[in-house]
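Asks:
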Amino acid sequence: MTTVLHRRVLQVVSKRKLFLPILSRDNSTEKNILRSDCDSIEKPRLTVTEFVWQNLDRWPDKTLAVCAVTGRGYTYAQTHRLSVSFAASLLKKLKLQHNDKVGIVLPNVPEYPAIALGILEAGCIASMMNPAYTVDELKHQIKLVECKAIVTSKLSYPNLCKALQELKLNIPMILIDNEDLPENTIKFAELAENTDLDILKSVKRNVKDTAILPFSSGTTGFPKAVELTHESICALNSMILTPRILAVQEATASFQPVLPAVLPLFHIFGFNVLMLNLMSRGVKLVTMPVFKPELYLDTLIRQKANHLYIVPPMAIFLGKHPAVTPRHLDSVIDIICGAASISSGDANAIIEKNKKLIFRQGYGLTETNGGATIGYNDNTNHDSVGFPFPSSEIKVADLKTQEALGPGQEGEIWYRGLNVMKGYYKNEAATREVLTEDGWFKTGDIGKYDENKYVYITDRIKELIKVKGFQVAPAELETLLRSHPKIVDCAVLGIPDSVSGEVPKAFVVLQPGQNIKAEEVLEHVNNKVTQFKKIKEVQFVDAIPKNPAGKILRKQLKEKYC
0 MTTVLHRRVL QVVSKRKLFL PILSRDNSTE KNILRSDCDS IEKPRLTVTE FVWQNLDRWP
60 DKTLAVCAVT GRGYTYAQTH RLSVSFAASL LKKLKLQHND KVGIVLPNVP EYPAIALGIL
120 EAGCIASMMN PAYTVDELKH QIKLVECKAI VTSKLSYPNL CKALQELKLN IPMILIDNED
180 LPENTIKFAE LAENTDLDIL KSVKRNVKDT AILPFSSGTT GFPKAVELTH ESICALNSMI
240 LTPRILAVQE ATASFQPVLP AVLPLFHIFG FNVLMLNLMS RGVKLVTMPV FKPELYLDTL
300 IRQKANHLYI VPPMAIFLGK HPAVTPRHLD SVIDIICGAA SISSGDANAI IEKNKKLIFR
360 QGYGLTETNG GATIGYNDNT NHDSVGFPFP SSEIKVADLK TQEALGPGQE GEIWYRGLNV
420 MKGYYKNEAA TREVLTEDGW FKTGDIGKYD ENKYVYITDR IKELIKVKGF QVAPAELETL
480 LRSHPKIVDC AVLGIPDSVS GEVPKAFVVL QPGQNIKAEE VLEHVNNKVT QFKKIKEVQF
540 VDAIPKNPAG KILRKQLKEK YC
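Here the sequence shown stands for residues 0 to 561, numbered as in numbering that gives the first Met the number 0.
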């Protein structure tokens, strides 16, 4: 049942209108600008927590999240109670202040929604980090966003503890585990106990405030923190709820949609497009800490999953692995594949196992809150990434003149909409490189559109390597390679891989007179990075081709050696 606490919060939300007057971005006079055929959205005026919880009274006793491994789970009402209690404790017990940053270093667990929304409820900023990151990777991110507290588990605690020691930081470490906690850590359950919520009345939040700081890789090699506001997050979610895009039915008294939450919630696709958006629909999320084929297939049948949000390696698995049968996809209505493009052949292999399901691709970046284009919910074009989201614009810019190109012409994809980031945190130079004065975001991806306005992504300017949907910056690995005393120069490229999509390959130039085995090079780098960044192959070459400005000519390398 809905408690007094929930009713109090719901009364506050219900007194506010969901949106301000309609906002139209369709006022560009430039030719060859792509826009959605859908109606424009209205400018959001709610914070993220208000948006997510606005329908709480309609499904308080429905399961919000349940762990596929342990069966541990929480209803919507329980998650909301944990969230607001945690928020109050952050302010009262940990003395956090408005806009303080709190790191979340967790795999997909059913507590994730309560933790993330509790941080936002307290007026703080959540920064999601990969729990598999190494000490050096965690140090960079913790230092950059200036974390005042971290929520994690015993799994990541050793690396985090060492990272904080090396940074000489003494900040609260909150663990979700309930037993055998390390000394000087705080149990999440204790901070999420019922407590006086009066302190939350003093929290003043504006939709223009930064809500989260996820990380996006860049060609500099160092992950950048992306500032996403309450407004931009809610804008993207409002775009998804447009009738021609929406496929997920709201929960009712007799039905609740189910989705296996295997996409990492520390990634913008998992956090925003999956978690936040589906919570606003009353969906049941079955959390999976990692993708394990047997567990995933068992979950599809046991939970009767209706919707799947996946990345290309999972699409290939579902379509081509002999263990996947029509029975596994029998209850599936809709599949959305993102993070990288796949071929229509891969999509059709899935559809052959359930010809009633709708398969569509989407395209987005951390800088656009995870969404820029998507196929409509009657999609039959499985090569395209769909159409621009409502109230947004896309142009394919000529690489030299930056003029908007027509159908069939390839150029850089530029995107403009309310869901674009505020900027890169503490990195004005990088922000200026990608955001124009009139609001266009330069994605760094090469693409085109056809006469029917379908968008296609064909290449990447940014040179990022996409391993199972994760972005790997070559420059980061090149920096580590060059730190070896016997290596004078190097370059890293992504090479095709049937399982991961791409994997990093290193081209290495040795110091004159030096000799080294490939295994030593791999050990030197791979011990310092997380699993998906590990270099898989090493090739020794005489020289790295570069242009007069010193930029690596990766295309020449690829043509010669790959």
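Even for Gly, the Cβ is constructed at its ideal location relative to N, Cα and C.
Tell me which residue opens and which closes the alpha helix (DSSP H) that residue 520 is part of.
Replies: 517 to 525
Asks: If we count the other Cβ atoms within 10 Å of its Cβ and call it buried at 16 or more, is residue 513 buried or exposed?
Replies: exposed
Asks: So which of 392, 44 and 85 has the shortest CA-CA distance to residue 187?
Replies: 85
Asks: Report yes or no: do three or more beta-carbon pairs, one from the segment 263 to 283 and one from the segment 96 to 114, lie closer than 8 angstroms?
Replies: yes
Asks: In terms of residue numbering, what span does the beta strand (DSSP E) encompassing residue 237 cover?
Replies: It is not in any beta strand (DSSP E) - residue 237 instead sits in the alpha helix (DSSP H) that spans 229 to 239.
Asks: Just to confirm, is the Cβ distance from residue 356 to residue 328 under 9 angstroms?
Replies: yes
Asks: Which ranges does the alpha helix (DSSP H) cover as unbroken runs of at least 4 residues, wholly within the segment 121 to 172, from first to last along the chain?
Replies: 134 to 144 and 156 to 166
Asks: Hey, how far is the Cα of residue 226 from the Cα of residue 204?
Replies: 15 angstroms
Asks: Is the distance from the Cβ of residue 593 to the Cβ of residue 342 below 9 angstroms?
Replies: Only positions 0 to 561 of the chain appear in the structure, and residue 593 is not among them; the question remains open.
Asks: For residue 493, does the count of other Cβ atoms within 10 angstroms reach 16, so buried, or fall short, so exposed?
Replies: buried
Asks: What are the residues that DSSP puts in a beta bridge with residue 214?
Replies: Answer is 224, bridged to residue 214.
Asks: Under 9 angstroms between the Cβ atoms of residue 434 and residue 419?
Replies: yes
Asks: What are the boundary residues of the alpha helix (DSSP H) that includes residue 50?
Replies: 47 to 52
Asks: Between the C-alpha atoms of residue 516 and residue 59, what's the straight-line distance to the nearest angstrom?
Replies: About 60 angstroms.
Asks: List the endpoints of the continuous alpha helix (DSSP H) containing residue 91.
Replies: 75 to 91
Asks: Could you say which of 500, 87, 518 and 488 lies nearest to residue 508 if we only look at CA atoms?
Replies: 488
Asks: Taking just the CA atoms, how far does residue 245 sit from residue 255?
Replies: Looking at the backbone, the Cα of residue 255 and that of residue 245 are separated by about 16 angstroms.
Asks: Looking at the unbroken alpha helix (DSSP H) that takes in residue 301, where does it start and where does it end?
Replies: 292 to 301
Asks: Quick check on residue 555: does DSSP put it in helix, strand or coil?
Replies: helix
Asks: By DSSP, does residue 267 sit in helix, in strand, or in coil?
Replies: Helix, per DSSP.
Asks: DSSP three-state call for residue 458: helix, strand or coil?
Replies: It is a strand residue.
Asks: Tell me which residue opens and which closes the alpha helix (DSSP H) that residue 476 is part of.
Replies: 473 to 481
Asks: Taking all protein chains shown into account, do 16 or more other C-beta atoms lie within 10 angstroms of the C-beta of residue 333, making it buried, or fewer, making it exposed?
Replies: buried
Asks: Assuming residue 442 contacts residue 414 under a Cβ cut-off of 8 angstroms, what Cβ separation, rounded to an integer in Å, is found between them?
Replies: 6 angstroms
Asks: Am I right that residue 370 and residue 235 are in contact with their C-beta atoms under 8 angstroms? What's the rounded C-beta distance?
Replies: The beta-carbon separation of residue 370 and residue 235, rounded to 5 angstroms, stays under the 8 angstroms limit for a contact.
Asks: Return the chain-ordered ranges of every beta strand (DSSP E) run that is complete within the segment 374 to 430 and spans a minimum of 3 residues.
Replies: Runs found: 391 to 396 and 410 to 416.
Asks: How long is the line joining the alpha carbons of residue 520 and residue 479, rounded to whole angstroms?
Replies: The straight-line gap from Cα to Cα measures roughly 10 angstroms.
Asks: So, is residue 381 buried or exposed, given that buried needs 16 or more other C-beta atoms within 10 angstroms?
Replies: buried
Asks: With the cut-off set at 9 angstroms, would you say residue 116 and residue 51 are in Cβ contact?
Replies: yes
Asks: Use the C-beta contact count for residue 156: other C-beta atoms within 10 angstroms, 16 or more gives buried, fewer gives exposed.
Replies: buried
Asks: May I ask which residues mark the beginning and end of the beta strand (DSSP E) holding residue 319?
Replies: Taken as a continuous stretch (DSSP letters only), residue 319 belongs to no beta strand (DSSP E), being part of the alpha helix (DSSP H) at 311 to 319.
Asks: Closer than 8 angstroms to a non-hydrogen atom of the ligand PLP - does that hold for the CB of residue 463?
Replies: Absent from the structure shown: the ligand PLP. Ligands present: none.
Asks: From this set, 132, 243 and 46, which residue's C-alpha is nearest residue 202's C-alpha?
Replies: 46
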